[in-house]
Amino acid sequence: MNPTIEKFRIHETDTGSPRVQVALLTERINQLSGHFAAHQKDFNSRQGLLRMVGRRRRLLEYLKRHDEDAYRNLLEALKLRK
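So for the sequence shown, the numbering used here puts the first residue at 37; every next one is plus one.
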């Protein structure tokens, strides 16, 4: 199993909670950001990156409304600023 999922899951079979989704999106966003250092003109991937950032933002807003402690812990663990 993915180590990111294992770190942020709530229970044994948790793969889709907002915490896990945000962590996985953050991992993919960081990978794509590194990709753009070598491929500045890859506009299709840039569009996908923007879509992922928007989805992560919406999931973080949901988490903030429903479980603020988990939201703060997640921001701290992933080193995201808010």
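Glycine is no exception: its CB is placed at the ideal position from the N, C-alpha and C atoms. None of these values were measured; they are calculated from a predicted model.
* Give me the Cα-Cα distance between residue 56 and residue 84, rounded to the nearest whole angstrom. => 19 Å
* Where does the unbroken alpha helix (DSSP H) through residue 81 begin, and where does it stop? -> 79-102
* Looking at the structure shown, is residue 69 part of a helix, part of a strand, or coil, going by DSSP? -> helix
* Within 10 angstroms of the Cβ of residue 117, are there 16 or more other Cβ atoms? Answer buried if so, exposed if not. => exposed
* Asked: residue 114 and residue 62 look like a contact to me (Cβ under 8 Å); what is the Cβ gap, rounded to whole Å?
  -> 5 Å
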